[in-house]
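Colleague: I have a structure I would like to understand better, so I am pasting it below and will then ask my questions one at a time.
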Amino acid sequence: MPRTIFDNIVIQHFEKMTFFDFCQYTSIRFFEVVHFIKGNGTIKINGSNVSYHPNSFFVFIPDDVYILQVDTPTTGTTIKFLKSFFNNSTIPVNDWFRKIETVLSNESRLEEFEFQSKSDKQNLASLMKMLYEENQDKQFFDAIIVQNTLSTILRVIARNASQAATLKSSKHQNSKIQDIINYIHHHIYESDLITNKTLAEKFNIADNYIGQYFKKQMDISLKKYILNYKLKLAETRLKYTDLHFSEIASELGFTDASHLNKTFLAYKGVTIGEFRTSQK
Numbered sequence: 147m148p149r150t151i152f153d154n155i156v157i158q159h160f161e162k163m164t165f166f167d168f169c170q171y172t173s174i175r176f177f178e179v180v181h182f183i184k185g186n187g188t189i190k191i192n193g194s195n196v197s198y199h200p201n202s203f204f205v206f207i208p209d210d211v212y213i214l215q216v217d218t219p220t221t222g223t224t225i226k227f228l229k230s231f232f233n234n235s236t237i238p239v240n241d242w243f244r245k246i247e248t249v250l251s252n253e254s255r256l257e258e259f260e261f262q263s264k265s266d267k268q269n270l271a272s273l274m275k276m277l278y279e280e281n282q283d284k285q286f287f288d289a290i291i292v293q294n295t296l297s298t299i300l301r302v303i304a305r306n307a308s309q310a311a312t313l314k315s316s317k318h319q320n321s322k323i324q325d326i327i328n329y330i331h332h333h334i335y336e337s338d339l340i341t342n343k344t345l346a347e348k349f350n351i352a353d354n355y356i357g358q359y360f361k362k363q364m365d366i367s368l369k370k371y372i373l374n375y376k377l378k379l380a381e382t383r384l385k386y387t388d389l390h391f392s393e394i395a396s397e398l399g400f401t402d403a404s405h406l407n408k409t410f411l412a413y414k415g416v417t418i419g420e421f422r423t424s425q426k
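This is the structure:
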């Protein structure tokens with residue numbers, strides 16, 4: 147299984163494999179994309195079994211522990227993004243997180259990655275092939291091409307993960323409440339756009355009724371739902387980045403790190419520092 151490691155990523159390509167050993171970089175993997183080009187088998191992941199087949203994609207994060215059980219010889223490519231990729235990227239780490247946080251926090255992602263368009267699936271396969279071939283061409287290797295290809299791969303994944311999450315949740319809610327939830331998630335970093343007044347105007351609901359309507363539909367108050375979602379995003383950043391507490395607080399609309407810490411402690415039972423330490 148040929149392997150190449152840059153400063154920030156590990157690329158592995160395997161041909162007609164019947165048994166998989168484990169990469170030594172798995173424990174420091176931040177984000178992993180696997181493309182099974184040929185072959186069939188089962189992925190045993192976090193206690194669940196998921197089948198893979200030709201031209202199937204899977205995305206894994208640090209919490210995921212998986213084993214591959216091969217039924218037929220398997221060919222594919224895997225890219226392991228190390229945490230340093232996101233910290234060293236020319237794009238700020240919080241911007242990356244806005245792209246991939248849907249994947250990181252999605253509890254139902256333990257399945258084949260779902261594409262919303264056939265062209266995106268084809269494009270991702272082509273991008274991963276191009277990345278591997280660029281890496282193999284030692285004479286004309288171009289680091290900028292590699293970096294841009296990696297960035298595009300993440301953007302394609304982020305776009306489809308976000309769209310899939312929206313479609314999946316909309317099957318279980320009436321359209322108006324789902325539209326409100328989608329709007330809140332989309333504008334969670336713009337506090338002035340998710341006030342009761344703004345939401346009421348946006349969705350043609352009386353200002354003094356929208357809170358009651360939301361609680362009736364969701365069994366939780368609008369204010370608490372927004373706060374819980376912000377704390378979930380804070381957890382993701384505390385767990386997967388080295389962002390300063392003040393940066394996280396500012397991005398999520400808290401007055402300062404102390405405000406975030408007090409709120410986090412009240413709802414989670416631990417301080418933000420204790421939570422981050424427990425995830426190391």
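Per the numbering used here, residue 147 is the first one in the sequence shown, and the count goes up by one each step. Quick reminder that beta carbons are idealized off the backbone N, C-alpha and C, glycines included.
Could you give the distance in angstroms between the alpha-carbon of Gln425 and the alpha-carbon of Lys385?
Modeller: Cα to Cα, Gln425 sits roughly 6 Å from Lys385.
Colleague: From this set, Lys226, Thr401, Val216, Val302, which residue's C-alpha is nearest Ile246's C-alpha?
Modeller: The option with the nearest alpha carbon to Ile246 is Val302.
Colleague: If we cut at 8 Å on Cβ distances, does Ser265 have a partner in chain D?
Modeller: No chain D appears in this structure, which consists of one protein chain only.
Colleague: From Tyr212 to Lys348, what does the alpha carbon distance come to, in whole angstroms?
Modeller: Looking at the two C-alpha atoms, the distance is approximately 44 Å.
Colleague: Could you check whether Phe360 and Ala306 sit closer than 8 Å to each other, using their CB atoms as the reference points?
Modeller: Correcting the residue type first, residue 306 is Asn in the shown sequence and not Ala. No.
Colleague: Please tell me whether Glu224 and Val179 are closer than 8 Å, where the distance is taken between their beta carbons.
Modeller: For clarity, residue 224 is Thr in the given sequence; the question names Glu instead. For Thr224 and Val179, yes; Cβs fall inside 8 Å.
Colleague: Along the beta strand (DSSP E) that carries Phe203, what are the first and last residues, could you check?
Modeller: Counting along the chain, the beta strand (DSSP E) containing Phe203 begins and ends at 202-206.
Colleague: Leaving out five residues before and five after Glu161 in sequence, what residues of the same chain have Cβ atoms less than 8 Å from its Cβ?
Modeller: Only Thr221 meet the Cβ criterion.
Colleague: Given a cut-off of 8 Å, decide if Gly187 and Asp210 are closer than it, judged by their beta-carbon atoms.
Modeller: For Asp210 and Gly187, no; Cβs fall outside 8 Å.
Colleague: Taking all protein chains shown into account, decide if Ser308 is buried (16 or more other Cβ within 10 angstroms of its Cβ) or exposed.
Modeller: That one is buried.
Colleague: Count the other CB atoms within 10 Å of the CB of Gln268; is the residue buried (16 or more) or exposed (fewer)?
Modeller: When all chains shown are included, Gln268 counts as exposed.
Colleague: Span of the beta strand (DSSP E) holding Leu345?
Modeller: No beta strand (DSSP E) holds Leu345; the alpha helix (DSSP H) holding it covers 342-348.
Colleague: Rounded to the nearest angstrom, what separates Ala395 and Ser337 at their Cα positions?
Modeller: If you take the alpha carbons of Ala395 and Ser337, they lie about 13 Å apart.
Colleague: With C-beta atoms as the reference, is Ile356 less than 8 Å away from Asn342?
Modeller: Yes; because the gap between Cβ atoms is below 8 Å, this pair is in contact.
Colleague: Note down, in chain order, each residue of its chain lying with its Cβ closer than 6 Å to the Cβ of Ser230, except the 5 sequence neighbours on either side.
Modeller: Excluding residues within five positions, the ones whose Cβ falls inside 6 Å are Asn154.
Colleague: In this structure, what does DSSP give as the bridge partners for Phe182?
Modeller: DSSP lists Ser202, Gly222 as partners of Phe182.
Colleague: At what residues does the beta strand (DSSP E) containing Lys370 begin and finish?
Modeller: Counting along the chain, Lys370 falls outside any beta strand (DSSP E), though it belongs to the alpha helix (DSSP H) covering 368-386.
Colleague: Within the continuous beta strand (DSSP E) that includes Ile155, where are the two ends?
Modeller: Where Ile155 is concerned, the enclosing beta strand (DSSP E) stretches over 155-163.
Colleague: Quick one: what's got a C-beta closer than 6 Å to Phe400's C-beta in the same chain, skipping five residues either side?
Modeller: Cβ neighbours of Phe400 beyond the five flanking positions: Leu406.
Colleague: Looking only at C-alpha atoms, which of Ser404, Thr423, Glu381, Glu397 sits nearest to Lys414?
Modeller: With distances taken between Cα atoms, Lys414 lies closest to Glu381.
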